[in-house]
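A.B. asks: Attaching a single structure in structure tokens format; questions to follow.
Protein chains: 4
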Amino acid sequence: MSVLSNEQKLQIQQSREASASTRRIVSSGLEEILYEAMPVLDHGFVRVIDYMGDDAAVVQAARVSYGRGTRQVSEDRGLINYLLRHWHTTPFEMAEIKLHVKMPIFVARQWIRHRMANVNEYSARYSILDREFYIPAPEQLAAQSVQNRQGRGNVVGPVEAERILELLKEDSQRSYDHYLDMLNHDETGKPIDENRQGLARELARMNLSLNFYTQWYWKTDLHNLMNFLRLRADTHAQYEIRVYADVILDVLKRWVPLTYEAFREHRLDAATFSGEGVKALRRMLSGEKVEHSDTAMSKREWDEFMSILAKR
Amino acid sequence: MSVLSNEQKLQIQQSREASASTRRIVSSGLEEILYEAMPVLDHGFVRVIDYMGDDAAVVQAARVSYGRGTRQVSEDRGLINYLLRHWHTTPFEMAEIKLHVKMPIFVARQWIRHRMANVNEYSARYSILDREFYIPAPEQLAAQSVQNRQGRGNVVGPVEAERILELLKEDSQRSYDHYLDMLNHDETGKPIDENRQGLARELARMNLSLNFYTQWYWKTDLHNLMNFLRLRADTHAQYEIRVYADVILDVLKRWVPLTYEAFREHRLDAATFSGEGVKALRRMLSGEKVEHSDTAMSKREWDEFMSILAKR
Amino acid sequence: MSVLSNEQKLQIQQSREASASTRRIVSSGLEEILYEAMPVLDHGFVRVIDYMGDDAAVVQAARVSYGRGTRQVSEDRGLINYLLRHWHTTPFEMAEIKLHVKMPIFVARQWIRHRMANVNEYSARYSILDREFYIPAPEQLAAQSVQNRQGRGNVVGPVEAERILELLKEDSQRSYDHYLDMLNHDETGKPIDENRQGLARELARMNLSLNFYTQWYWKTDLHNLMNFLRLRADTHAQYEIRVYADVILDVLKRWVPLTYEAFREHRLDAATFSGEGVKALRRMLSGEKVEHSDTAMSKREWDEFMSILAKR
Amino acid sequence: MSVLSNEQKLQIQQSREASASTRRIVSSGLEEILYEAMPVLDHGFVRVIDYMGDDAAVVQAARVSYGRGTRQVSEDRGLINYLLRHWHTTPFEMAEIKLHVKMPIFVARQWIRHRMANVNEYSARYSILDREFYIPAPEQLAAQSVQNRQGRGNVVGPVEAERILELLKEDSQRSYDHYLDMLNHDETGKPIDENRQGLARELARMNLSLNFYTQWYWKTDLHNLMNFLRLRADTHAQYEIRVYADVILDVLKRWVPLTYEAFREHRLDAATFSGEGVKALRRMLSGEKVEHSDTAMSKREWDEFMSILAKR
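Protein chains in written order, with this note's numbering: chain A, 1 to 312; chain B, 313 to 624; chain C, 625 to 936; chain D, 937 to 1248.
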């Protein structure tokens, strides 16, 4: 299953081969992978198209510097940790990244809710979409969660899985066939019937289902990228967007290794305890045995609290 | 074709019957229609849920006033016209409106691009969508425009229209049938088969097509509402979002009649001429006969220029 | 020391006396104090000018409801707690508040950094500012902190305090005298010298110092208001902005009591521990004695960590 | 009068001398001037610190391209003109620029109102400001405008100018002397008196006047940069911010020559006529003689209308 056409591969290769001299901050970690398509799901990808700055840009801005702004790595690391821990967010807004992303429409619909970003999407009013739709791997076909109204539970059995995949595939193929039919447009781009006019693209697209792929250029700053990752690389996020967040986490690591480290430590691996949680903690540390009924937490909050303390 | 269930009608009626006293600015024009569903397309609507301020809030803020801030209507009108004409946008940000909107997903996807708004969408991860999808009226089934890659041309013939509507309806019905099937959920909300688990809602939804209806609460300020209307009540906007904009234009007129008037005059009915356009105008006014070849405008810009001057 | 002129008091009183009927959600807690000036610092205030929604608007939006959306108070409280704890921020964006604030310019300069708000400031290009400047109370005259490069330490001695206050007062008075002089404008608004033209207001204002008072209309949604309060009602915030945040915290309590409660519990009284912090906690809870040297925390982070656990 | 210290000059020189290879789009026009301080007013400057993309990034995003996205210059120019003319703003959000700006505080206060930007300002809570304040050139000392409540009229006479400049200089010097005094900090950075503590920096700064210089890192995208320039390079903008906008206009020309051209043509040199204005135009073009009294325009709007048509 190939994500890219030969022409697309050639365009990417040509972009990668071009090179020029710059006085700007250069991230060697990102230069290595620039323009390359990192595959996600069955037809999707993430490509880094451009970036501005790296860890150095964060400390340079924090110091409102006339020069490079960086000092010893240990000093820069300390500053970045301090800024992140104390929610000094503006220096992280001083680095920027631009991605080309291809993803199913229902993923794009979640993604777009992060408003602090610039987006230019491929227009299905203007162009014809490809026959590309997302079909989950069987191990991703989970039942509705019983505990969580908004999540997945156990994987469905193999018979049910097969039936579901069959329905998804057939409906997707048919809706695309009919999309082309309405457009009066065959697979090679020619009219099916010279005497028909073909429906306007902006109308025909409504027959496509939400698993069809769309693509866009997406640009955001490092602060807002971390907000996105904090929510979308989380276990509560839907699997199909989480896999994109995971790929972008790797991009983050290459781009801004010090910020990535601080982000892991102070956001991803961090835990927030409510006022009641902190009180319970203090009592526990003083040797008291604390039960749920000794606190004012809801059952759900108590369970979350205890699971954080138990994890290893 | 009924847009609302009886229960929904009752809830709306109850909301409309409640009433309380307030010291705030009250817009009598909006109070009249508050909570009512104004139908759009075949299953959609716009409902005004809440608002803050009206024309008076604009002038009050412009004057950073300790009191109501309003004076004579003629003075307020003059101020509002001046503010709008000179792009003093911040006073218009001081009035706010909240709408409940139901619209096809492909319309929602255009709408959400207006980032300066607050949105809370009905979640298909959490809930099950209704069997409601948009089927265009036959007179809306237009062919792809020949001049404009992003628009509609002539209406397609009746035979083709019938065929297209048939495809749209069948595919929509089938995709919804299969959606329920995957969920293991019959039309009354019961499991189809007690032994099947049913696919997670966040997955099953991907089988629905872009003409299915979604709904959200959408809140924005008067300045950004006018930006939305300027772009979406425009003839270049897709018909299916324009009809929503047209309904909201009427809401605007009820809510802020002075601002509405100024908006019509200085935005909707206004025309912008480029530097070259202004030069051509001056030559024409001095009696010169100006042709396209006498200017540096592109053919397309020239045609747009001439059509503005010719309109009546 | 009176904050308001008699004319301003009259305007406020007239606004408070007007009353009308509305179908909208009404917050009785806010109606009581609507338009009233709550004094802050020596010449400043906060006034609530308008609002949209209250706790009910949050749950109504979260449920994308056709009616009021509220249920039992206990159910609404549970939902609001859940939303806040899990960073579901969009329902909180559905309530809005508008304040009239008067504050020293250096406070306004910190405040404006919260970009997700609408602001209309009194223009010193257009109008003449009053002779109103902030002089700290002697007990607020603190020395530079030794630990914290960005904060206050001990209160300065009475002799030094007197000297400082003298300098501040004299310089403020003189800069205002010269401001009027440049404008050729006496205290009653008449020209000082009929033969002089008077400097443009947009220029003369530059002679005023940063403790002069400015004022604006400021409007934001409940989510962003809580962001503002989390940062500005914090002990790390400068005292002169914190007193405004404290007054607004009281407004929050009146306006949205359930959200206020959840905000206290899950933001103000909550504590976030880093990955290393959580690991240390687990070891401590299992009975181990943990020292700073047993962890990878910086000394500063360790001190913050221990002080949270010690507080009572 | 030197804007930069020798150490600052050295830091800039070192930044300029460093160079590395990149696969990204490189703007040769910006590389030439990267990091250099372009002087503005008596102590201010604009420095380009970093950028992402150029004209090519606009067309690349508009085409959601896999490669460079650019074609013939004439095709790219046509596309950029089309996008700008029709308010397709998202492709212009795909290029980004970061500036280091030093400006008087009253200029910073206008500048910050452009919210769609990232800002990190030099902190006077944390650091001590330099003895640098803006004193207008005598030819900039204009009287209050008679027509326009928010603007300048004629230059004041030489005697009055001298008096005003004297006041400004003396007050600025004195307020800085007292600032240092309160801080217990002499010009070389040593304590004035070992027995005094020195006031906290966050308090002492309030004695400085609005003509003192501050500085920040400011980052925005090309679309929002053009919004800034449209308002601030305009004749209605205050001179002291307009000179910054003028320098940035030159930066724009170097960076994105095609966009600059289109921006001049369709924004700076363009004119917008209201509905009434367009009607009057049509009558004039058909040979009719139109007076103000024949239209529904206000006197002020009519004057603006006629002055556009008269300009050459």
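Here a beta-carbon is modelled for each residue, glycine too, at the ideal position from N, C-alpha and C.
Here the structure is a predicted model, which is why all the values come from computation and not from measurement.
What residue from B:K531, B:R475, B:F418 and B:H398 has the CA that sits closest to M676 of chain C's CA?
C.D. replies: When each option's Cα is compared against that of M676 of chain C, the closest is B:K531.
A.B. asks: Just checking: is the beta-carbon of N1163 of chain D within a distance shorter than 8 Å of some beta-carbon in chain C?
C.D. replies: Taking Cβ atoms only, chain C never reaches closer than 8 Å to N1163 of chain D, which makes this a no.
A.B. asks: Identify the contact partners of M1030 of chain D in chain A, using a Cβ-Cβ distance below 7 Å as the criterion.
C.D. replies: Here the neighbours are K98, N118, N120, Y217 and K219.
A.B. asks: According to a CB-to-CB cut-off of less than 8 Å, which residues of the segment 1127-1145 of chain D neighbour chain C?
C.D. replies: Of all residues in the segment 1127-1145 of chain D, R1132, Q1133, G1134, L1135, A1136, R1137, E1138, L1139, R1141, M1142, N1143, L1144 and S1145 have a Cβ within less than 8 Å of some Cβ in chain C.
A.B. asks: Could you tell me the alpha carbon to alpha carbon distance between A719 of chain C and A934 of chain C, rounded to whole angstroms?
C.D. replies: Their Cα atoms are separated by approximately 37 Å.
A.B. asks: List the residues that DSSP assigns as beta-bridge partners of P975 of chain D.
C.D. replies: D:F981.
A.B. asks: Cβ of D354 of chain B within 8 Å of Cβ of T571 of chain B?
C.D. replies: In this structure, T571 of chain B does not lie closer than 8 Å to D354 of chain B by Cβ.
A.B. asks: Can the beta-carbon of T449 of chain B be found less than 8 Å from the beta-carbon of V467 of chain B?
C.D. replies: Checking the displayed sequence, the identity of residue 449 of chain B turns out to be Ala instead of Thr. No, Cβ-Cβ distance for A449 of chain B and V467 of chain B is not below 8 Å.
A.B. asks: Output needed for F1164 of chain D: all residues of its chain with C-beta closer than 6 Å, excluding positions within five of it in sequence on either side, in chain order.
C.D. replies: Answer for F1164 of chain D: H1050, listed in chain order.
A.B. asks: Let's see if you can read the secondary structure: which residues bound the beta strand (DSSP E) around H809 of chain C?
C.D. replies: Per DSSP, H809 of chain C belongs to no beta strand (DSSP E) and is neither H nor E.
A.B. asks: Do Q215 of chain A and V101 of chain A have their C-beta atoms closer together than 8 Å?
C.D. replies: Yes, the pair counts as a contact, with Cβ atoms nearer than the cut-off.
A.B. asks: If you run the structure through DSSP and keep just helix, strand and coil, what is M1 of chain A?
C.D. replies: Confidence at M1 of chain A is low in this model, with a pLDDT of 49, below 50, so the placement of that residue should be treated as unreliable; the coordinate-derived value is given next. In the structure shown, M1 of chain A sits in coil (DSSP, three-state: anything other than H, G, I, E or B).
A.B. asks: Going residue by residue through the segment 515-550 of chain B, where are the continuous alpha helix (DSSP H) segments of at least 4 residues, counting only ones entirely within it?
C.D. replies: Listed in chain order, they are 534-544.
A.B. asks: For the segment 507-520 of chain B and the segment 386-406 of chain B, state whether three or more C-beta atom pairs, one from each stretch, are separated by less than 8 Å.
C.D. replies: No, because fewer than three Cβ pairs between the segment 507-520 of chain B and the segment 386-406 of chain B fall closer than 8 Å, the two stretches do not touch.
A.B. asks: Is any heavy atom of the ligand COA found at a distance shorter than 7 Å from the C-beta of F1028 of chain D?
C.D. replies: What this structure holds is no ligand at all, so the ligand COA is not there to describe.
A.B. asks: What did DSSP end up calling P728 of chain C once you bin it into helix, strand or coil?
C.D. replies: Reduced to three states, the DSSP call for P728 of chain C is strand.
A.B. asks: Between the segment 245-256 of chain A and the segment 867-882 of chain C, do at least 3 Cβ pairs fall closer than 8 Å?
C.D. replies: No, because fewer than three Cβ pairs between the segment 245-256 of chain A and the segment 867-882 of chain C fall closer than 8 Å, the two stretches do not touch.
A.B. asks: For K98 of chain A, collect the residues of the same chain with a Cβ closer than 6 Å to its Cβ; drop the 5 residues on either side in sequence, then sort them by chain order.
C.D. replies: Contacts found: I49, D50 and K219.
A.B. asks: Taking all protein chains shown into account, do 16 or more other C-beta atoms lie within 10 angstroms of the C-beta of N835 of chain C, making it buried, or fewer, making it exposed?
C.D. replies: Flag for N835 of chain C reads buried.
A.B. asks: Does the Cβ of I1128 of chain D have 16 or more other Cβ atoms within 10 Å, making it buried, or fewer, making it exposed?
C.D. replies: Answer is exposed; the Cβ neighbour count stays below 16.
A.B. asks: The segment 328-340 of chain B: which residues have C-beta closer than 8 Å to a C-beta of chain C, in chain order?
C.D. replies: Those residues of the segment 328-340 of chain B that come within reach of chain C (Cβ to Cβ, closer than 8 Å) are R328, A330, S331, A332, S333, T334, R335, R336, I337 and V338.
A.B. asks: By the three-class DSSP mapping on this structure, what secondary structure does R464 of chain B have?
C.D. replies: R464 of chain B falls in the strand class under three-state DSSP.
A.B. asks: Of all the residues that make up the segment 762-780 of chain C, which are near chain D by a beta-carbon distance shorter than 9 Å?
C.D. replies: Answer set for the segment 762-780 of chain C: Q764, L765, A766, A767, Q768, S769, R773, Q774, G775, R776, G777, N778 and V780.
A.B. asks: Are R1081 of chain D and S1111 of chain D closer than 8 Å when you measure CB to CB?
C.D. replies: Per the sequence shown, the amino acid found at residue 1081 of chain D is Ser instead of Arg. It is not a contact, given that the beta carbons lie outside the stated cut-off.
A.B. asks: Using a Cβ cut-off of 8 Å (strictly closer), state whether M625 of chain C contacts chain D.
C.D. replies: Residue placement at M625 of chain C is flagged as unreliable, the pLDDT there being 49, under the threshold of 50; a coordinate-derived value is accordingly withheld.
A.B. asks: Quick check: the Cα distance between L165 of chain A and E17 of chain A, rounded to an integer number of angstroms?
C.D. replies: Taking the straight line joining both Cα atoms gives about 41 Å.
A.B. asks: Mind listing the chain C neighbours of L346 of chain B? Cutoff is C-beta to C-beta under 8 Å, in chain order.
C.D. replies: Neighbours of L346 of chain B on chain C, chain order: R647 and R648.
A.B. asks: What's the C-alpha gap between N1056 of chain D and S293 of chain A?
C.D. replies: C-alpha separation (whole angstroms): 47 Å.
A.B. asks: Once you ignore the five residues that flank L658 of chain C on each side, which residues in its own chain have a CB closer than 7 Å to its CB?
C.D. replies: Excluding residues within five positions, the ones whose Cβ falls inside 7 Å are R640 and V672.
A.B. asks: Going by the DSSP bridge assignment, what does D674 of chain C pair with across the sheet?
C.D. replies: D674 of chain C is bridged to C:K722.
A.B. asks: Report yes or no: is there a C-beta of chain G within less than 8 Å of the C-beta of H890 of chain C?
C.D. replies: Given the protein chain composition of this structure (A, B, C and D), no chain G is represented.
A.B. asks: Can you tell me where the alpha helix (DSSP H) holding E745 of chain C begins and where it ends?
C.D. replies: Run containing E745 of chain C: none in the alpha helix (DSSP H); it sits in the beta strand (DSSP E), N742 to E745.
A.B. asks: According to DSSP, is T958 of chain D part of a helix, a strand, or is it coil?
C.D. replies: The answer is strand: DSSP assigns T958 of chain D an E or B state.
A.B. asks: Please go through the same chain and pick out, in chain order, the residues whose beta-carbon is closer than 6 Å to the beta-carbon of E1068 of chain D, but skip the five residues on each side of it.
C.D. replies: Excluding residues within five positions, the ones whose Cβ falls inside 6 Å are H979 and Y1149.
A.B. asks: Residues of chain B with CB closer than 7 Å to the CB of R692 of chain C, please, in chain order.
C.D. replies: Simply S327.
A.B. asks: Using CA coordinates, which residue listed in A:E160, A:Y126, A:Y134 and A:N195 is at the minimum distance from A998 of chain D?
C.D. replies: Ranking A:E160, A:Y126, A:Y134 and A:N195 by Cα distance to A998 of chain D puts A:Y126 first.
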